[in-house]
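The next block holds one structure in the form of structure tokens; read it before the comments.
Protein chains: 2
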Amino acid sequence: MTPVVILVNPQMGENIGAVARAMANFGLTELRLVAPRDGWPNPNANNVAAHAVSILEAAKIYPDFRSALEGIHCAYATTGRPRDMEKRVITPAEAMDEVVKNDASGAACALVFGPERTGMTNEDIVLCDTIVNIPTAPEYRSLNIAQSSVVMFYEWFKAATENVDVARDLPSPAPKQEWLGLFDQLESYLDGAEFFRVADKKPVMWQNIQNFLLRGKWSDQEIRTLRGVLRSIWERRRG
Amino acid sequence: MTPVVILVNPQMGENIGAVARAMANFGLTELRLVAPRDGWPNPNANNVAAHAVSILEAAKIYPDFRSALEGIHCAYATTGRPRDMEKRVITPAEAMDEVVKNDASGAACALVFGPERTGMTNEDIVLCDTIVNIPTAPEYRSLNIAQSSVVMFYEWFKAATENVDVARDLPSPAPKQEWLGLFDQLESYLDGAEFFRVADKKPVMWQNIQNFLLRGKWSDQEIRTLRGVLRSIWERRRG
């Protein structure tokens, strides 16, 4: 399986088309769009996509990033390093070696790109496992999405066409929906328990919690177990 | 020194701007344009270049590819593999490792891109030492210049920022002007000698000759020696 490409709130149709074209060049096929600004379909995207229009026609639309993570196990966000967040940051080459290995072990990966001007929100970044940082000149860091997607897909193609000797002892990480279920369950418990005493501080605190949990890279079974643990603790408290 | 970027007969100003932007992202500064189709300066280029307008303003314009090779020792052409020509073809990563090593030994390198639709002519390709082929999906090979320049500059930046342990025994290859002088001298001798008996066959034969000569990677001194050898042979023949 090839990685899924997710564009979060893409703005210009031309950029969506450029991403689709680069996908075709490097053998990627599945595109997901989260709430594209100018609606969908978008003729500006088709104009730029050249022979990759079939990728646009097959693109799936989602209302938010959470739902776009359907069936995904590992999400890699190409974005600047967010402040105030502990998150693993690696290079495109490192990321794509992992993606190829994850794929071989049955874990579906997503390559995630944020909106052109503002980048991804912290709320969305927190749901990704890893941030991918493309090395650039310090004086002029900003790559546009047409450029950064080419780099990412090119590195994926290189990694996928090398002979990768896969040896994995770890279980495949759980699909993102399992993680979201865990997070929703935990958040409702924490809210119910008035864990976040100062409402202003909740967003950052809750981000940090999700981040360190995600770093566990748990399998389905491990998340189910953890959810059972939490539930039992919660129900004991109410009882 | 960072490699020089040469665009041969670029067509759309937007593409020149996109190349300049990618140059700035990856720390390249010197741009040479060979007879841009729409003249120069070109406001469409500035619109796309974003903060890289200074690169466009400093760009040098040349009437043909030969003159644009001024001061260059090694030229790498990003283009499809030409038919009917024996030329070394390597990947971007391999090329950029070489470029960094060449630079450390004092040889100025050029990254060359052809016109958007037609690609480089064989006459221009033959003056390049090496063809760089970006690996792509077999079903859809064609990258546009905005895409291929990002890949090339990204790989250069990666190679240049790694610790490269340079160990070179070979002398630095001669500047391209030395090669052109050699070729001109040799061609005039061959024409004078009616070497190319069938005029139709001259272009391909002459290409092949230049190609196998270039593979020698001679230094200034070696080319001067060879030119002296040829001259002495030629003058002996006339005498």
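Protein chains in written order, with my numbering: chain A, 366 to 604; chain B, 366 to 604.
For each residue, glycine too, the CB sits at the ideal point set by N, CA and C.
{"query": "When you compare each of 404(A), 492(A), 512(A), 596(A) to residue 501(A) by their alpha carbons, which one comes out closest?", "result": "512(A)"}
{"query": "Starting from the beta carbon of residue 392(A), find every residue of chain B whose beta carbon is closer than 7 Å, and list them in chain order.", "result": "502"}
{"query": "Which residue or residues does DSSP assign as beta-bridge partners of residue 478(B)?", "result": "372(B), 443(B)"}
{"query": "What span of residues does the alpha helix (DSSP H) with residue 452(B) cover, start to end?", "result": "Segment: none, residue 452(B) is in no alpha helix (DSSP H) and carries neither H nor E."}
{"query": "Do we get a CB-CB distance below 8 Å when we pair residue 508(A) with the residues of chain B?", "result": "yes"}
{"query": "Is residue 398(B) helix, strand or coil by DSSP?", "result": "strand"}
{"query": "From residue 402(B) to residue 576(B), what does the alpha carbon distance come to, in whole angstroms?", "result": "28 Å"}
{"query": "Would you mind telling me which residues of chain B sit closer than 7 Å to residue 526(A), beta carbon to beta carbon, in chain order?", "result": "500"}
{"query": "What in chain B is Cβ-close to residue 427(A), meaning under 8 Å?", "result": "Those within 8 Å of residue 427(A) in chain B number zero; the least Cβ separation is about 26 Å."}
{"query": "By the three-class DSSP mapping on this structure, what secondary structure does residue 516(A) have?", "result": "helix"}
{"query": "Within the same chain, show all residues whose beta-carbon is closer than 6 Å to that of residue 371(A), passing over the 5 residues directly before and after it, in chain order.", "result": "397, 433, 475, 477"}
{"query": "DSSP state of residue 384(B), grouped into three classes?", "result": "helix"}
{"query": "Any Cβ of chain B within less than 8 Å of the Cβ of residue 590(A)?", "result": "no"}
{"query": "Assign residue 596(A) to one of two classes, buried (16 or more other C-beta atoms within 10 Å of its C-beta) or exposed (fewer than that).", "result": "exposed"}
{"query": "Kindly indicate which residue of 440(B), 413(B), 417(B) has the alpha-carbon position closest to the one of residue 539(B).", "result": "440(B)"}
{"query": "Suppose contacts are defined by Cβ-Cβ distances below 8 Å. Is residue 516(B) in contact with residue 572(B) by that definition?", "result": "no"}
{"query": "Looking at residue 455(A): is its Cβ nearer than 8 Å to the Cβ of residue 394(A)?", "result": "no"}
{"query": "Going along chain B, which residues have a C-beta under 8 Å from residue 478(A)?", "result": "Neighbours of residue 478(A) on chain B: none; closest Cβ ~15 Å, over 8 Å."}
{"query": "With H, G and I counted as helix, E and B as strand and the rest as coil, what does DSSP make of residue 563(B)?", "result": "coil"}
{"query": "Kindly list, in the order they appear in chain B, the residues whose Cβ is closer than 7 Å to that of residue 575(A).", "result": "Neighbours of residue 575(A) on chain B: none; closest Cβ ~31 Å, over 7 Å."}
{"query": "When you compare only the Cα positions, how much space is there between residue 522(A) and residue 559(B)?", "result": "50 Å"}
{"query": "Cβ of residue 515(A) less than 8 Å from any chain B Cβ?", "result": "yes"}
{"query": "Name the residue from 380(B), 487(B), 413(B) whose alpha carbon lies nearest to the alpha carbon of residue 481(B).", "result": "380(B)"}
{"query": "Show which residues of chain B have a CB atom less than 7 Å away from the CB atom of residue 416(A).", "result": "505"}
{"query": "Residue 506(A): which of 556(A), 444(A), 468(A) sits nearest, CA to CA?", "result": "444(A)"}
{"query": "Since residue 523(A) meets chain B, which of its residues come closer than 7 Å, beta carbon to beta carbon?", "result": "500"}
{"query": "Quick check: what's the CA-CA separation for residue 556(A) versus residue 487(A)?", "result": "20 Å"}
{"query": "Looking at the C-beta of residue 441(B), does it have a partner C-beta in chain A at a distance below 8 Å?", "result": "no"}
{"query": "Identify the contact partners of residue 550(A) in chain B, using a Cβ-Cβ distance below 7 Å as the criterion.", "result": "Within 7 Å Cβ-Cβ: nothing; residue 550(A) doesn't reach chain B, min ~42 Å."}
{"query": "Can you list, in chain order, the residues of its chain whose CB lies under 8 Å from that of residue 561(A), leaving out five sequence neighbours each side?", "result": "555, 567, 570, 571"}
{"query": "To which residues of the same chain is residue 387(A) closer than 7 Å at the C-beta, ignoring the five residues directly before and after it?", "result": "514, 515, 518"}
{"query": "Beta-carbon of residue 572(B) versus every beta-carbon of chain A: anything under 8 Å?", "result": "no"}
{"query": "Which term fits residue 594(B), buried or exposed, when burial requires 16 or more other beta carbons within 10 angstroms of its beta carbon?", "result": "exposed"}
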